[in-house]
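Residue numbers (this note's numbering): 1 to 486.
The next block holds one structure in the form of structure tokens; read it before the comments.
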DNA sequence: TGAAATGTTGGGGCG
DNA sequence: ACGCCCCAACATTTC
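So this is what it looks like as structure tokens:
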């Protein structure tokens, strides 16, 4: 095959690396001097229980369009296909005479199995099938403790990982790509039917710019000042105090190496060094999530701590619905759930609050929350989503102890003191004066009347009393310990 | 990356 | 001047 290397094309199989910068698979292909065929295969069935949800599909549609435009400019258009990855890759390699297929790794359990299988089949066909690390700072198998086992505690993982390797500097995009000699059949991105049939994506469109350029812009804006106060401002949902890179990182529109090095670079020269370290640590949390998913693949649906299999979860679909719709009667919770529904994203501080509320106040299974987030988040990511929910439920690695129950009222007063966030997303409370927008159920009758609010009509009464719910949750947890002791 | 309950301390009012 | 009490502020423990 090496004899054909300059004329036989290389297929670059795009997946969750929808960018042309710092893309090892693409760069290796371009540097080989051979014609490069960029390929995307839409095969959601292969994601098993975790087919991309509605918000993710919307994002993917737009991200693919941007990638296609960038690849056009580089000289070799994106080929889009629909079907089973294995048969498409084999047939397509045959059809084009490709001698190689390159891709960047993904780490979801079902993807790993699939990709291993594909690699084996392609190699059997005599094809140079190679995978690269384009999506992580540290490979999950690189970071192990003294006993050669995966870390289960973040601080230990963080220390070990950052001591072990310093992430390589990002590589630039290829200047141009050699196109294959023959024109190649492709379906159009619209044919993949990724966009919703009913147009509910208006809020997403207002909020986001999918694609590599949008990712760059968010990074630039973050670096131009926000990052310096990240440590404190990241906790205030009414403020743009975070990088808002999560969906871009999920789809690989920007590499974690790029973000890591950009932040490190400014850390040398300007202020906010502590805040920048805090941010870098968050990037390592993302790594930790992938590390855990790789080593504990069952945790997408089962608790890592087995005693939680016996947890007495409630089975209340009405309560779930109230939570999903942002009608729990707790303004901060409702604001978060409505922000999610409207924008496909939720501020991280509020994610912790709504997750705690679902799991501890409503006693509903964390898996229900994970599924809802999966469908509604534009940054839905199996590793991060799994870690987040297991952490909130107290059943995961390095999880918040179960008795750590967030008080939605205190969180609201602490992090949204002026109610800006609440009033943005729960406009029916807009006229309520301080402090009653935090806790309308405790507001004097005349205040409610003046603000045009009738509890139970214009805004719900709390669906559960937090004080009672907290005791109930602690009691449920105690029963679990009793079972575990037997 | 929690919150509530309980314990401790120390300043000030007051007899 | 002194002891007592109250209570806010802070610290520690517990869930």
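Glycine is no exception: its CB is placed at the ideal position from the N, C-alpha and C atoms.
Item	Value
Does the stretch 131–141 come within contact of the stretch 52–69, defined as at least 3 CB pairs closer than 8 Å?	no
What does the alpha-carbon distance come out to for the pair residue 145 and residue 258?	27 Å
So, at 6 Å on beta carbons, what are the nonlocal neighbours of residue 358 in its own chain, with the 5 sequence-adjacent residues on each side left out?	323, 364 and 369
Run through the stretch 229–265 for me and flag every whole alpha helix (DSSP H) of 4 or more residues, listed as ranges in chain order.	230–233 and 246–250
Report yes if the C-beta distance between residue 307 and residue 484 is below 8 Å; otherwise report no.	yes
Which of the three DSSP states is assigned to residue 94 in this structure?	helix
Can the beta-carbon of residue 344 be found closer than 8 Å to that of residue 386?	no
In the structure shown, what three-state DSSP assignment does residue 314 receive?	coil
Within its chain, find whatever has a CB closer than 7 Å to the CB of residue 353; leave out the 5 residues flanking it on each side and keep chain order.	332, 333, 336, 406, 408 and 411
Please specify which runs of the alpha helix (DSSP H), each continuous and at least 4 residues long, are wholly inside the stretch 45–106, giving them in chain order.	54–74 and 85–96
Have a look at the DSSP bridge pairing and note the partners of residue 455.	459
As a quick exercise: from 243, 238, 219 and 218, pick the residue whose alpha carbon is nearest that of residue 230.	243
Quick one: using the 10 Å Cβ neighbour count with 16 as the cut-off for buried, is residue 96 buried or exposed?	buried
Quick one: complete alpha helix (DSSP H) runs, 4+ long, within the stretch 380–422?	382–393 and 408–415
Compare the beta carbon distance of residue 117 and residue 86 with 8 Å and say whether it is the shorter of the two.	yes
Please list the terminal residues of the continuous alpha helix (DSSP H) segment that includes residue 280.	273–295
Could you work out which residue in 349, 329 and 390 is closest to residue 366 when comparing CA atoms only?	390
Is residue 287 near residue 161, with beta carbons less than 8 Å apart?	yes
Could you give the distance in angstroms between the alpha-carbon of residue 430 and the alpha-carbon of residue 159?	46 Å
Just to confirm, are residue 18 and residue 318 a CB contact at a threshold of 8 Å?	no
Have a look at residue 171 and residue 216 and give me their C-alpha separation to the nearest angstrom.	15 Å
Going by Cα to Cα distance, which pick from 245, 462, 265 and 182 is closest to residue 222?	245
Starting from the C-beta of residue 447, find all residues in its chain whose C-beta is less than 8 Å away, skip the five residues before and the five after it, and write them out in chain order.	432, 433 and 436
When we look at the beta-carbon of residue 403 and count the other beta-carbons within 10 Å, is it buried (16 or more) or exposed?	exposed
Could you pull out every residue in the same chain whose Cβ sits closer than 6 Å to the Cβ of residue 294, ignoring the five residues on either side in sequence?	107 and 140
Might you give, ordered along the chain, the residues of its own chain that have their beta carbon closer than 7 Å to the beta carbon of residue 455, omitting 5 neighbours on each side?	440, 441, 448 and 461
Would you report the Cα separation of residue 348 and residue 384, rounded to the nearest angstrom?	12 Å
For residue 271, does the count of other Cβ atoms within 10 angstroms reach 16, so buried, or fall short, so exposed?	exposed
Starting from residue 366, trace the alpha helix (DSSP H) both ways and give me its first and last residue.	366–376
Which whole-angstrom value describes the C-beta separation of residue 469 and residue 360, a residue pair presumed to lie in contact below a C-beta threshold of 8 Å?	7 Å
Quick one: Cα of residue 237 to Cα of residue 227, how far?	15 Å
Quick one: what does DSSP say residue 18 is sitting in, helix, strand or coil?	coil
Hey, quick one: how far does the alpha helix (DSSP H) through residue 180 stretch, first residue to last?	Careful: residue 180 lies outside any alpha helix (DSSP H) and carries neither H nor E.
Could you spell out the range, first to last residue, of the alpha helix (DSSP H) harbouring residue 34?	Here residue 34 belongs to no alpha helix (DSSP H), and DSSP marks it neither H nor E.
From residue 127 to residue 39, what does the alpha carbon distance come to, in whole angstroms?	16 Å
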